[in-house]
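Just below is one structure, and these are the notes that go with it.
There are 4 protein chains.
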Amino acid sequence: MRRHDLQEAILEAAQYLLIREGYGSLTMRRIAQRAGCSVGSLYLYFDSKEGLLFALMDRAQERLAERFFDPQIQTIDAPRERLQALARAYVDFGLTYPESYEILFILHPRELASYPEERMQRAYRLLDPIVEAIEDYVRRHDLEMPDIRVAAVSFWSALHGIVSLLLAGRLARLRLEVDHEALIEHAIRQAIGGLCRLMRRKDNRKT
Amino acid sequence: MRRHDLQEAILEAAQYLLIREGYGSLTMRRIAQRAGCSVGSLYLYFDSKEGLLFALMDRAQERLAERFFDPQIQTIDAPRERLQALARAYVDFGLTYPESYEILFILHPRELASYPEERMQRAYRLLDPIVEAIEDYVRRHDLEMPDIRVAAVSFWSALHGIVSLLLAGRLARLRLEVDHEALIEHAIRQAIGGLCRLMRRKDNRKT
Amino acid sequence: MRRHDLQEAILEAAQYLLIREGYGSLTMRRIAQRAGCSVGSLYLYFDSKEGLLFALMDRAQERLAERFFDPQIQTIDAPRERLQALARAYVDFGLTYPESYEILFILHPRELASYPEERMQRAYRLLDPIVEAIEDYVRRHDLEMPDIRVAAVSFWSALHGIVSLLLAGRLARLRLEVDHEALIEHAIRQAIGGLCRLMRRKDNRKT
Amino acid sequence: MRRHDLQEAILEAAQYLLIREGYGSLTMRRIAQRAGCSVGSLYLYFDSKEGLLFALMDRAQERLAERFFDPQIQTIDAPRERLQALARAYVDFGLTYPESYEILFILHPRELASYPEERMQRAYRLLDPIVEAIEDYVRRHDLEMPDIRVAAVSFWSALHGIVSLLLAGRLARLRLEVDHEALIEHAIRQAIGGLCRLMRRKDNRKT
DNA sequence: AATGAATGAGCATTCATTCAT
DNA sequence: GATGAATGAATGCTCATTCAT
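First to last, the protein sequences are chains L, P, X and E. Following this note's numbering, the numbering of the first sequence begins with 268 at its first residue and continues without gaps. Following this note's numbering, the numbering of the second sequence begins with 268 at its first residue and continues without gaps. Following this note's numbering, the numbering of the third sequence begins with 268 at its first residue and continues without gaps. Following this note's numbering, the numbering of the fourth sequence begins with 268 at its first residue and continues without gaps.
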């Protein structure tokens with residue numbers, strides 16, 4: 268139990284520092300200091316700084332899964348509503364755990380180069396529920412969508428766009444005094460609306 | 268002439284390394300090595316590492332302006348087509364000058380904290396043509412859009428999402444073997460379609 | 268125990284280099300090399316080069332206090348003998364701990380600009396016993412000395428002159444083959460004699 | 268003529284910077300900047316930084332000679348008054364040309380290690396007029412002074428003490444709010460008084 | 001005579017990592 | 001299990017000096 272406690276404290280500290288000060292300022296010294304242990308102790312639980320980062324990634328993936336693969340969402344019957352709930356969950360995850368989001372989707376690939384591919388893949392299962400919802404929608408409305416994978420990635424990219432813009436604090440820097448909540452709402456509706464329209468169009472062209 | 272050559276080589280080297288290896292690995296030594304000069308020479312052309320980074324920012328902004336504020340685009344009469352041309356230009360800029368895009372829109376603001384705000388603002392003028400196109404569209408079709416600024420940022424965020432995902436090379440890593448061209452096409456149409464639909468909706472509600 | 272050993276070794280090394288090679292050549296690398304440790308270890312014991320220098324100052328002040336504020340001297344009743352003992356102690360201190368003397372009184376204040384003033388002041392308490400001795404002398408012999416502070420500083424400056432000349436090794440360089448002991452003896456007697464004479468003179472003028 | 272002009276400007280600049288910013292901050296770049304020429308030009312007139320420093324020393328010696336070997340002083344008949352005039356001239360030189368004084372008598376010997384000995388000696392001829400004056404005094408008053416060289420160095424050391432204390436700005440730092448003029452006056456009279464008294468004493472003991 | 005671009009060596013400092021205790 | 005002393009390598013940056021022009 269004890270063991271786990273310190274390990275957890277270390278991860279917590281690292282995560283806290285990562286988003287506050289950035290990866291460049293994330294040092295083993297500071298992590299130890301914040302976790303309330305010695306630098307040496309870090310190496311009892313993690314092989315290296317990279318190992319610690321990987322553990323952080325694993326953790327971030329779990330958190331994402333918790334939110335995104337929420338059973339409550341899966342049971343929403345109407346695919347469009349499900350898509351909306353997924354989008355909401357995704358954005359919420361990003362804004363609630365900015366550090367996790369940063370690690371998973373923003374951190375430079377270089378830092379994660381040697382992160383085992385199989386563990387990496389897990390994070391991107393998030394596309395599956397999106398694909399499913401789109402398929403569902405297409406099927407139910409008897410529409411067409413030639414490449415659903417493309418549609419899903421495109422949908423995801425729109426969500427990623429809004430989250431990463433908000434997290435980077437660029438809007439604030441730009442003095443773009445825009446209400447975040449309204450922006451998120453707008454962006455999600457824009458993505459879903461655009462997606463559905465594309466399906467319809469495909470349909471129209473055929474006729 | 269020579270003078271300019273090395274300065275250019277340094278910027279080129281820094282840019283190359285920045286995107287390939289990330290900001291954390293961007294060191295003056297490596298820049299010098301890649302530029303084929305001594306570390307000291309870097310300081311002949313730039314005050315500091317930060318200064319070099321700022322020069323890179325300036326450069327990226329110019330490149331963005333070239334593509335995005337292209338007069339040919341401005342003269343497209345139909346606002347929807349103009350919007351599409353702007354979106355294309357934005358994505359093209361990002362894919363053609365990935366380093367510039369990375370510097371402008373992905374690099375964490377932390378690293379550029381002291382970049383003069385007025386110079387920073389220039390980059391974000393890109394919202395203006397988008398705002399104008401939306402306004403145009405709304406006006407011509409006699410629609411309503413309560414907060415055009417929100418709509419513009421939302422539109423931008425969709426473009427940013429697709430570009431940053433492509434640049435991060437995440438798709439490749441994910442073995443998401445998706446055709447980039449199709450994806451871009453899809454994403455742009457999704458964004459425009461979603462945007463226009465949101466306007467119509469507003470209209471519908473009113474009636 | 269060990270801990271203190273290396274700290275001491277570092278101070279010793281820094282002191283040695285400071286006097287032998289001058290402040291300009293005092294580098295962390297050389298200190299580490301001479302102390303027999305790595306450069307990084309220096310920073311385990313001292314915050315910075317400046318911090319190390321300050322520790323050296325503190326140390327020098329302690330050594331000065333030991334010699335100069337010797338209780339045995341304070342109890343000498345006859346003020347003139349006490350003055351002589353003080354002068355001896357001062358010069359002895361300078362010659363015994365040349366590095367300490369150099370740090371305290373020769374090193375340019377520039378290098379120590381941020382040394383806390385209150386700690387600095389301690390070193391200059393040395394004027395107090397001199398002032399007291401002069402006051403005593405004046406009182407006992409019923410003489411006059413309008414500005415005792417001036418007299419004390421003047422006396423101190425004579426001692427400083429002889430010590431700094433000897434320490435700088437200038438006499439040797441000049442081939443001024445002069446017996447150091449005789450020179451010190453002479454200088455001290457000259458200072459005391461001159462001081463007392465000035466008092467008498469003041470007296471004479473008044474009458 | 269031109270040639271001389273720039274050389275002079277360089278020396279002037281170096282001297283100015285030397286005292287203002289200290290030897291540690293005396294860089295070729297800054298000298299060139301202040302002298303209004305390029306760094307390379309410095310090497311047209313001086314072999315190296317050390318060479319420039321040596322030229323500065325030569326210059327300082329000349330200035331000292333001008334003041335100290337002033338014919339007007341040499342012609343003062345009364346040896347005691349001559350001694351006083353010499354002391355005054357010495358202190359004046361130090362306070363008027365602090366940079367020169369610093370170079371000649373305070374700069375760490377290390378920096379001057381390779382200054383040609385014969386040129387070094389010139390600076391210390393200053394002892395000759397002092398020796399002569401003392402000899403004169405002894406002779407005229409029929410006194411004794413076993414080692415006149417010791418007496419002269421001792422006298423010189425008193426003057427050096429007061430000048431170096433004032434130049435280092437220590438008194439100011441100590442908040443020893445002492446009138447400089449009074450202090451100098453006092454110190455010189457103390458030195459002369461002490462010196463003469465020592466001669467007398469020698470005499471007394473003999474009888 | 002004068003420049004200024006270029007550099008290698010060096011600066012203080014910080015880093016992730018190791019290991020005896 | 002935990003520490004903290006120790007380190008080699010790397011960081012951004014400055015230096016005196018050289019040399020083609």
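Don't be surprised by glycine CBs; every beta carbon is placed ideally from N, CA and C. Just so it is clear, the structure is predicted and the values come from calculations on it, not from any experiment.
For residue i, three-class secondary structure by DSSP
i, result
"residue 376 of chain L", "helix"
"residue 435 of chain P", "coil"
"residue 413 of chain L", "coil"
"residue 299 of chain E", "helix"
"residue 381 of chain E", "coil"
"residue 289 of chain L", "coil"
"residue 427 of chain L", "helix"
"residue 343 of chain X", "coil"
"residue 445 of chain L", "coil"
"residue 271 of chain P", "helix"
"residue 480 of chain P", "Nothing can be reported for residue 480 of chain P: it is not among the residues displayed for chain P, which extend from 268 to 474."
"residue 367 of chain E", "helix"
"residue 325 of chain E", "helix"
"residue 395 of chain E", "helix"
"residue 453 of chain L", "helix"
"residue 408 of chain P", "coil"
"residue 422 of chain X", "helix"
"residue 335 of chain P", "helix"
"residue 360 of chain E", "helix"
"residue 403 of chain E", "helix"
"residue 308 of chain X", "helix"
Residues that residue i contacts on chain X, provided the C-beta gap is smaller than 7 Å
i, result
"residue 290 of chain E", "291"
"residue 450 of chain E", "417, 420, 421"
Interface partners of residue i on chain X, CB under 9 Å
i, result
"residue 396 of chain E", "Neighbours of residue 396 of chain E on chain X: none; closest Cβ ~15 Å, over 9 Å."
"residue 309 of chain E", "Correct list: empty, because the minimum Cβ distance to chain X is about 19 Å."
"residue 438 of chain E", "420"
Under 8 Å by beta carbon: chain L residues contacting residue i
i, result
"residue 328 of chain P", "None at all; the shortest Cβ gap to chain L is about 14 Å."
Close Cβ partners of residue i (< 7 Å) along its chain, the five nearest in sequence each way excluded
i, result
"residue 454 of chain E", "425, 429"
"residue 390 of chain E", "328, 331, 371"
"residue 451 of chain P", "358, 429"
"residue 433 of chain L", "362, 447"
Cβ-based neighbour list, residue i, same chain, cut-off 6 Å, excluding 5 preceding and 5 following
i, result
"residue 341 of chain E", "none"
"residue 470 of chain E", "At residue 470 of chain E, the pLDDT of 47 sits below 50, so the modelled position is not reliable; the number obtained from the coordinates is stated separately. Taken in chain order, the residues that qualify are 410, 411."
"residue 465 of chain P", "none"
"residue 394 of chain L", "419"
"residue 317 of chain L", "none"
Cβ-based neighbour list, residue i, same chain, cut-off 8 Å, excluding 5 preceding and 5 following
i, result
"residue 286 of chain L", "365, 366, 369"
"residue 360 of chain L", "330, 331, 334, 335, 367, 368"
"residue 445 of chain E", "438"
"residue 415 of chain E", "398, 401, 402, 405"
"residue 290 of chain X", "374, 375, 378"
"residue 421 of chain E", "462"
Proximal residues of chain L, C-beta to C-beta of residue i below 9 Å
i, result
"residue 352 of chain P", "Chain L residues near residue 352 of chain P: none, gap ~18 Å exceeds 9 Å."
"residue 464 of chain P", "456, 457, 460, 461, 463, 464"
Neighbouring residues, chain L, relative to residue i (Cβ below 7 Å)
i, result
"residue 375 of chain P", "289, 435"
Contact set between residue i and chain P, taken where Cβ atoms lie within less than 9 Å
i, result
"residue 401 of chain L", "Correct list: empty, because the minimum Cβ distance to chain P is about 12 Å."
Partners in chain E for residue i, counting only beta-carbon separations shorter than 7 Å
i, result
"residue 424 of chain X", "428, 429, 432, 454"
Cross-chain neighbours of residue i in chain P, by beta carbon under 8 Å
i, result
"residue 378 of chain L", "289, 291"
If you pair each beta-carbon of the segment 398-408 of chain L with each one of the segment 338-348 of chain L, do three or more pairs fall below 8 Å?
yes
Three or more beta-carbon pairs under 8 Å between the segment 294-304 of chain X and the segment 276-283 of chain X, yes or no?
yes
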